[in-house]
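>
Numbering (the numbering used here), first residue to last: 166 to 376.
1) Let me know the alpha helix (DSSP H) ranges lying completely inside the segment 197–253, each 4 residues or longer, listed in chain order.
2) My output table needs one value for residue 331: the three-state DSSP class, helix, strand or coil.
3) Residue 270 and residue 239 - do their beta-carbons sit closer together than 9 Å?
4) Taking DSSP as the reference, what is the three-state secondary structure of residue 290?
5) Take residue 221 and list the residues in its own chain whose beta-carbon comes closer than 6 Å to its own, dropping the five residues that flank it on each side.
6) I'd like the list of long-range same chain contacts for residue 197, defined as Cβ closer than 6 Å, with 5 residues on each side in sequence excluded.
7) Report yes if the C-beta distance between residue 320 and residue 343 is below 9 Å; otherwise report no.
8) Count the other C-beta atoms from every protein chain shown that fall within 10 angstroms of the C-beta of residue 178, then say buried if there are 16 or more, exposed otherwise.
9) Please confirm whether residue 266 and residue 297 have their CB atoms less than 9 Å apart.
10) On a Cα-Cα basis, can you pick out the residue from 225, 227, 195 and 302 that is closest to residue 331?
11) Reducing DSSP to helix, strand and coil, say where residue 188 ends up.
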């Protein structure tokens with residue numbers, strides 16, 4: 166079920182007016198979509214942040230626009246003020262609830278791998294996964310249990326449970342998480358360092374002989 170967020174149309178797009186919106190606790194934005202007219206709006210900043218925190222980045226939001234209009238949207242993009250840490254602008258994309266769409270879904274690791282207890286190093290190459298699904302079927306997150314991973318083990322896309330509601334877009338052999346052996350160093354590394362220094366030394370001697 167979509168959550169609701171009140172939006173007000175922006176007819177005056179001057180910078181001075183936009184500044185007033187922000188000062189009054191609202192964030193300016195736009196609503197657009199395939200075959201849809203782009204509309205300039207404002208939403209309450211606190212309500213927006215609360216909605217995204219509670220429902221997730223991929224939540225379906227019903228924008229209640231004045232004059233009785235409404236639209237089912239997703240948060241497509243936003244701009245932050247790096248100094249004030251405030252939302253400066255927001256883009257909403259109108260979604261078709263019957264059509265699949267491609268989105269990024271957070272990947273969360275849970276558990277402690279056996280291999281890390283033995284000195285191995287857990288690596289997580291991906292923190293989000295590309296997923297294709299209808300808006301209402303987009304998972305909030307993908308959870309991967311790493312408890313049984315030993316040193317040298319890997320979990321790839323192919324190892325994830327399949328679902329009829331969504332599909333992963335990465336290649337099946339794409340690694341999600343793995344446990345590497347601890348890096349203890351080796352004599353080969355020291356030899357390699359010695360060999361890399363030798364050519365410079367030989368070259369220096371050759372030049373001295375020529376002189």
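Idealized CB from N, CA, C, for every residue including glycine.
Bear in mind that the values here come from a model prediction, so they are computed numbers and not experimental data.
Taking the structure as given:
1) 210–220
2) Taking the chain shown and counting its residues from 1, one reaches residue 331 at position 166. The answer is strand: DSSP assigns residue 331 an E or B state.
3) Against the chain shown, residue 239 aligns to sequence position 74. Against the chain shown, residue 270 aligns to sequence position 105. No. Outside cutoff.
4) The residue labelled residue 290 in the question sits at position 125 within the chain shown. Note: residue 290 maps to coil in three-state DSSP.
5) Here residue 221 refers to the residue found at position 56 of the chain shown. Closer than 6 Å at the Cβ level, and outside the excluded window around residue 221, lie 305.
6) On the chain shown, residue 197 is found 32 positions in, with the first residue counted as 1. The residues are 203.
7) As a first step, residue 320 must be located in the chain shown, where it is residue number 155. As a first step, residue 343 must be located in the chain shown, where it is residue number 178. It is a contact, given that the beta carbons lie within the stated cut-off.
8) Position 13 of the chain shown, counted from the start, is the residue given in the question as residue 178. Result: exposed.
9) Along the chain shown, one-based indexing puts residue 266 at 101. Along the chain shown, one-based indexing puts residue 297 at 132. Their beta carbons are under 9 Å apart, which means residue 266 touches residue 297 by this criterion.
10) Here residue 331 corresponds to residue number 166 of the chain shown, with the count starting at 1. Residue 331 has its Cα closest to that of 302, out of 225, 227, 195 and 302.
11) Residue mapping note: residue 188 aligns to position 23 of the chain shown, counting from 1. Look at residue 188 here: in three-state DSSP terms it is helix.
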